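Engineer:
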Amino acid sequence: MSALCIKLQLKGYQLFLHFNLQSCPKCLHLYSHEYPDFVKIVEVGPRDGLQNEKEIVPTGVKIQLIDMLSGTGLSVIEATSFVSSKWVPQMSDHTEVLRGIQRAPNVRYPVLTPNMQGFQDAVAAGATEVAVFGSASETFSRKNINCSVDESMLRFKEVITLAKGQHIPVRGYVSCALGCPHEGHIDPSKVAQVAKSLYEMGCYEISLGDTIGVGTPGSMCEMMQTVMKEVPVSALAVHCHDTYGQALPNILTALQMGVRVVDSAVAGLGGCPYAQGSTGNVSTEDVLYMLHGMGIETGVNLAKVVEAGDFICNFLCRKTNSKVAQASSKTL
Amino acid sequence: MATAESSLHLLIKFPSCRHSPPSLRSVLSGLYLHDLEPVGVFTGHLLDDPELFRMGNVPTTVKHCLSYEQLLENCPWLRRWLQEEKTIKAHEYPDFVKIVEVGPRDGLQNEKEIVPTGVKIQLIDMLSGTGLSVIEATSFVSSKWVPQMSDHTEVLRGIQRAPNVRYPVLTPNMQGFQDAVAAGATEVAVFGSASETFSRKNINCSVDESMLRFKEVITLAKGQHIPVRGYVSCALGCPHEGHIDPSKVAQVAKSLYEMGCYEISLGDTIGVGTPGSMCEMMQTVMKEVPVSALAVHCHDTYGQALPNILTALQMGVRVVDSAVAGLGGCPYAQGSTGNVSTEDVLYMLHGMGIETGVNLAKVVEAGDFICNFLCRKTNSKVAQASSKTL
Chain A
1 MSALCIKLQL KGYQLFLHFN LQSCPKCLHL YSHEYPDFVK IVEVGPRDGL
51 QNEKEIVPTG VKIQLIDMLS GTGLSVIEAT SFVSSKWVPQ MSDHTEVLRG
101 IQRAPNVRYP VLTPNMQGFQ DAVAAGATEV AVFGSASETF SRKNINCSVD
151 ESMLRFKEVI TLAKGQHIPV RGYVSCALGC PHEGHIDPSK VAQVAKSLYE
201 MGCYEISLGD TIGVGTPGSM CEMMQTVMKE VPVSALAVHC HDTYGQALPN
251 ILTALQMGVR VVDSAVAGLG GCPYAQGSTG NVSTEDVLYM LHGMGIETGV
301 NLAKVVEAGD FICNFLCRKT NSKVAQASSK TL
Chain B
1 MATAESSLHL LIKFPSCRHS PPSLRSVLSG LYLHDLEPVG VFTGHLLDDP
51 ELFRMGNVPT TVKHCLSYEQ LLENCPWLRR WLQEEKTIKA HEYPDFVKIV
101 EVGPRDGLQN EKEIVPTGVK IQLIDMLSGT GLSVIEATSF VSSKWVPQMS
151 DHTEVLRGIQ RAPNVRYPVL TPNMQGFQDA VAAGATEVAV FGSASETFSR
201 KNINCSVDES MLRFKEVITL AKGQHIPVRG YVSCALGCPH EGHIDPSKVA
251 QVAKSLYEMG CYEISLGDTI GVGTPGSMCE MMQTVMKEVP VSALAVHCHD
301 TYGQALPNIL TALQMGVRVV DSAVAGLGGC PYAQGSTGNV STEDVLYMLH
351 GMGIETGVNL AKVVEAGDFI CNFLCRKTNS KVAQASSKTL
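First to last, the protein sequences are chains A and B.
Each step along the first sequence adds one to the number in the UniProt record's numbering, with nothing skipped, and position 259 is 259.
Each step along the second sequence adds one to the number in the UniProt record's numbering, with nothing skipped, and position 83 is 83.
1. Could you name the residues of chain B that residue 339 of chain A contacts, counting a contact when the two beta carbons are closer than 7 Å?
2. Return no unless some Cβ of chain A is closer than 8 Å to the Cβ of residue 310 of chain B.
3. Provide the residue span of the alpha helix (DSSP H) that contains residue 292 of chain A, from first to last.
4. With a Cβ-Cβ cutoff of 8 Å, do residue 164 of chain A and residue 302 of chain B count as a contact?
5. Should residue 126 of chain A and residue 108 of chain A be called a contact, given that it needs their Cβ atoms to be closer than 8 Å?
6. Give me the DSSP bridge partner(s) of residue 268 of chain B.
7. Tell me whether residue 341 of chain B is buried or exposed, calling it buried when 16 or more other Cβ atoms sit within 10 Å of its Cβ.
8. Could you tell me whether the Cβ atoms of residue 272 of chain A and residue 264 of chain A are closer together than 8 Å?
9. If you check the beta carbons only, do residue 163 of chain B and residue 203 of chain B fall under 8 Å apart?
10. With DSSP as the reference, please indicate the residues paired to residue 189 of chain B in a beta bridge.
11. How long is the line joining the alpha carbons of residue 299 of chain A and residue 337 of chain B, rounded to whole angstroms?
12. Give me the Cα-Cα distance between residue 78 of chain A and residue 371 of chain B, rounded to the nearest whole angstrom.
13. Considering only residues of the segment 173 to 206 of chain A, which uninterrupted beta strand (DSSP E) runs meet the minimum length of 3 residues and lie entirely inside it, listed in chain order?
14. Hey, is residue 296 of chain B's beta-carbon within less than 8 Å of any beta-carbon in chain A?
15. Counting only Cβ-Cβ distances shorter than 7 Å, please list the residues of the segment 271 to 283 of chain A near chain B, keeping chain order.
16. Helix or strand or just coil, what does DSSP make of residue 143 of chain B?
17. Helix or strand or just coil, what does DSSP make of residue 129 of chain A?
18. Name, please, each residue of chain B whose Cβ falls closer than 8 Å to the Cβ of residue 294 of chain A.
19. Under the rule that 16 or more other beta-carbon atoms within 10 Å means buried, what is residue 174 of chain B, buried or exposed?
20. Taking C-beta pairs closer than 7 Å, name the residues in chain B that residue 218 of chain A reaches, listed in chain order.
21. Here's the rule: buried if 16 or more other CB atoms are within 10 angstroms of the residue's CB, otherwise exposed. What is residue 114 of chain B?
22. With C-beta atoms as the reference, is residue 51 of chain A less than 8 Å away from residue 84 of chain A?
23. Which class does residue 284 of chain B belong to by DSSP, given the choice of helix, strand or coil?
24. So for residue 82 of chain A, helix, strand or coil by DSSP?
25. Closer than 8 Å, CB to CB, is residue 253 of chain B near chain A or not?
26. Any beta carbon from chain E within less than 8 Å of residue 184 of chain A's own beta carbon?
27. Taking only the alpha-carbon atoms, compute the straight-line gap between residue 310 of chain A and residue 221 of chain B and give it to the nearest angstrom.
28. Grab me the residues of residue 324 of chain B's own chain with a C-beta within less than 6 Å of its C-beta, minus the 5 sequence neighbours each way, in chain order.
29. Below 7 Å between beta carbons is the criterion; list the residues of the segment 106 to 131 of chain A that meet it against any residue of chain B, in chain order.
30. Three or more C-beta pairs closer than 8 Å, one from the segment 174 to 184 of chain B and one from the segment 207 to 220 of chain B: is that the case here?
31. Our contact map puts residue 218 of chain B next to residue 278 of chain B with C-beta atoms below 8 Å; I'd like the distance itself, whole angstroms only.
32. Nearest CA to the CA of residue 327 of chain B: which residue from B:143, B:123, B:146 and B:95?
33. From the DSSP output, in three-state form, read off residue 138 of chain B for me.
34. Taking just the CA atoms, how far does residue 230 of chain A sit from residue 344 of chain A?
35. Below 8 Å, can you find three or more Cβ-Cβ pairs linking the segment 145 to 161 of chain A to the segment 193 to 210 of chain A?
36. Give a yes or no on whether 8 Å exceeds the smallest Cβ distance from residue 51 of chain B to chain A.
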């Protein structure tokens, strides 16, 4: 990056205007360097993706999926969720999955732990990183985890305190960051409040989730600006759903605001429980295509992710939700 | 940093060039306007100074200049600059974006099933009631090449033309143009290519030869006061040549513009573009054609259409092509989508507070209509989600 400095002589002092700019090699145009060199992808397919798939996936298939993903260059793969199997039958084999996967070096395998019981089970199964799931919507919190937002924060505090004692990092999620299926519009200040609580309790990273995919670059920008007053952007991630096709423009907006961590799911696994038949998670392949096309490094091999996506979609007997995977497989 | 005089170092981050590239010249002219003459211009290593970088954004981090307030008083323009810089994170977007609906032409043209004339007319009539101001109705190409468009005359004559709506038609050559005018066309479009190979394979002639054909059409159209829109296909990549040099796109766009096209639509024909290549291509084209005369025609084959459109908007583009229900696949990636869907574009724009004048719900209705006829699912995620929301 070349720097430009213009020195001005004013009454009594010299003013140096430093332009933090890149110059276009072909012209004298200057533009700001807005995009990062590197973005970390957090792969949530095996957890968030499969959790929202109707068909129960056998343990062996889950393990194979995670093992394939482990070979793609991804550095974080959310493996499973230690929730009660009564609530989420898809994740009832959490212990077997966590014990069964081949842990690649340089890859982390966080697991969801909604409460103390889940945390203890996770640790017993060998978890080295956990995640807690807060909500910016009171109604969503009550309907989803049967307690108020404040009550959930108390639960998480217990988990985080115990985790810290055992040097286990905790990631925090804030769902309904751009809208709630029950409440509709969510005030950005509420999102900021929940994000701040989680961050101050000790979560190293807060993932802001557009749970029903209703966000647009407008609402993303507004929400991010509000949250960034309470939590440093270096600790923020975005978890965009593609239910209304807005995930990539929303991610682009977040990147322009300084976000460096993006959640996505291989093959866009996982539908939206609030809009039947619609997509949920943004697909990792499409995110990678965009980032790589912009010259942003991720360390992830797109072709290998496509392979992993093909594998799980073949098993589920359904088409991938990734447009890149679709186009790649059928290019004449 | 202290010198004999006080010195004040301000780190200025310019608003992104993506909407209007500031040039060094414009920065300097801004300074001259305020009677400030640069006494030195440095490049290179100053920003390596870690002390300087810790200053970050100003004014919150400027701590040691005692006369900072005095400086702002003396230079009110600087205060404005700094305030503008604070809003850097919110990009500038237009208040209004014009949507050019290409579903009945570009969309249906790429659908395998031949759609009856009556259905085409009904689709266009439904779209005419949505608030769209431009609906590309049909294409006066030889029915041998594009059987789907063989009923062009009947379609153009059969639609109910709404007031305040324009119905451009494609006219690849003089014959097509004359047939179009005879059928009542009041606006036409010509389709150039940034790729030689694509031009030869698609319309059987070189880019230069196609420009000659278009010049004939445009000259005749101008004589009859018929506006002409120009398209540049393969603007971000070619199915045969792969990478396309932005300068070639700029060259073709410039030719069409100088020949008399009022608007040039830059098409990502195979949907391979990303915000990176879109930005680079737009910067190059914008040196030759004013951004007010540019439109983007993004395909969603790799899911990149909306981020590409967002990027174009940030660079000053105000016209976006799209197709209801994302009609039309991609002939180069079988089974994949082609056009971006109008519904998804509208959802994004409206969500950003950008006006379009178009009623999203009515577009969804038109999309449902044509998808029911084609017996297939819409390509629009908004339409999908809207129809199934619990």
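Note that the Cβ used here is the ideal one computed from N, Cα and C, for glycine as well.
These numbers come from a predicted model, not from an experiment.
Structural biologist: Checking against the coordinates, here is how it stands:
1. Residue 339 of chain A lies beyond the stretch modelled for chain A, which goes from 1 to 332, so this question has no answer here.
2. If you number the second sequence from 1, residue 310 of chain B lands on position 310. Chain A, which has a Cβ nearer than 8 Å to the Cβ of residue 310 of chain B, makes this yes.
3. As a working mapping, residue 292 of chain A is identified with position 292 in the first sequence. Taken as a continuous stretch (DSSP letters only), the alpha helix (DSSP H) holding residue 292 of chain A covers 284 to 293.
4. Residue 164 of chain A sits at position 164 when you count from the first residue of the first sequence. Residue 302 of chain B sits at position 302 when you count from the first residue of the second sequence. Cβ atoms of residue 164 of chain A and residue 302 of chain B: not closer than 8 Å.
5. The sequence position of residue 126 of chain A within the first sequence is 126, counting from 1. The sequence position of residue 108 of chain A within the first sequence is 108, counting from 1. No, the pair does not count as a contact, with Cβ atoms beyond the cut-off.
6. The sequence position of residue 268 of chain B within the second sequence is 268, counting from 1. Beta-bridge pairing links residue 268 of chain B to B:298.
7. The residue labelled residue 341 of chain B in the question sits at position 341 within the second sequence. It is buried - the Cβ of residue 341 of chain B has at least 16 other Cβ atoms within 10 Å.
8. To locate residue 272 of chain A, count along the first sequence from 1; it is residue 272. To locate residue 264 of chain A, count along the first sequence from 1; it is residue 264. No, the Cβ-Cβ distance between residue 272 of chain A and residue 264 of chain A is not below 8 Å.
9. Along the second sequence, read from residue 1 onward, the residue named residue 163 of chain B stands at position 163. Along the second sequence, read from residue 1 onward, the residue named residue 203 of chain B stands at position 203. Not in contact: residue 163 of chain B and residue 203 of chain B (Cβ atoms no closer than 8 Å).
10. Position 189 of the second sequence, counted from the start, is the residue given in the question as residue 189 of chain B. Residue 189 of chain B is bridged to B:170 and B:229.
11. Mapped onto the first sequence, residue 299 of chain A falls at position 299. Mapped onto the second sequence, residue 337 of chain B falls at position 337. Straight-line Cα distance between these residues: approximately 28 Å.
12. If you number the first sequence from 1, residue 78 of chain A lands on position 78. If you number the second sequence from 1, residue 371 of chain B lands on position 371. Distance between the alpha carbons of residue 78 of chain A and residue 371 of chain B is about 38 Å.
13. none
14. Within the second sequence, the letter at position 296 stands for residue 296 of chain B. By this cut-off, residue 296 of chain B is not an interface position.
15. Within the segment 271 to 283 of chain A, the residues whose Cβ lies closer than 7 Å to some Cβ of chain B are 274, 275, 276, 277, 278 and 279, listed in chain order.
16. Along the second sequence, read from residue 1 onward, the residue named residue 143 of chain B stands at position 143. It is coil, neither helix nor strand.
17. If you number the first sequence from 1, residue 129 of chain A lands on position 129. DSSP places residue 129 of chain A in coil when its eight states are reduced to three.
18. Residue mapping note: residue 294 of chain A aligns to position 294 of the first sequence, counting from 1. Residues of chain B passing the Cβ test: 274, 275 and 276.
19. Numbered from its first residue, the second sequence carries residue 174 of chain B at position 174. Exposed is the call here.
20. What you label residue 218 of chain A is simply residue 218 of the first sequence in a count that begins at 1. Going along chain B in sequence order, the residues near residue 218 of chain A (Cβ under 7 Å) are 351, 352 and 353.
21. To locate residue 114 of chain B, count along the second sequence from 1; it is residue 114. Its Cβ having fewer than 16 others within 10 Å, residue 114 of chain B is exposed.
22. On the first sequence, residue 51 of chain A is found 51 positions in, with the first residue counted as 1. On the first sequence, residue 84 of chain A is found 84 positions in, with the first residue counted as 1. It is not a contact, given that the beta carbons lie outside the stated cut-off.
23. Counted from its first residue, the second sequence places residue 284 of chain B at position 284. It is helical.
24. In the first sequence, residue 82 of chain A corresponds to position 82, counting from 1. Note: residue 82 of chain A maps to coil in three-state DSSP.
25. Residue 253 of chain B sits at position 253 when you count from the first residue of the second sequence. For residue 253 of chain B, the answer is no, since every Cβ of chain A falls outside 8 Å of its Cβ.
26. No chain E appears in the structure shown, which is made up of the protein chains A and B.
27. Here the question's residue 310 of chain A lines up with position 310 in the first sequence. Here the question's residue 221 of chain B lines up with position 221 in the second sequence. Computed Cα separation, rounded: 51 Å.
28. Counting from 1 along the second sequence, the entry for residue 324 of chain B is found at position 324. Answer for residue 324 of chain B: 103, 342, 363, 366 and 367, listed in chain order.
29. none
30. yes
31. Along the second sequence, one-based indexing puts residue 218 of chain B at 218. Along the second sequence, one-based indexing puts residue 278 of chain B at 278. Residue 218 of chain B to residue 278 of chain B, Cβ: 27 Å. No contact.
32. Position 327 of the second sequence, counting from 1, holds the residue named residue 327 of chain B. Nearest C-alpha to residue 327 of chain B: B:123.
33. Taking the first residue of the second sequence as 1, we reach residue 138 of chain B at position 138. Under the three-state reduction of DSSP output, residue 138 of chain B falls in the strand class.
34. A query on residue 344 of chain A cannot be resolved here, the shown segment of chain A reaching from 1 to 332 and no further.
35. yes
36. In the second sequence, the residue the question calls residue 51 of chain B occupies position 51. Summary for residue 51 of chain B: the model assigns pLDDT 41, below 50, so the residue's position carries little reliability; its value from the coordinates is reported in the next sentence. Chain A, which has no Cβ nearer than 8 Å to the Cβ of residue 51 of chain B, makes this no.
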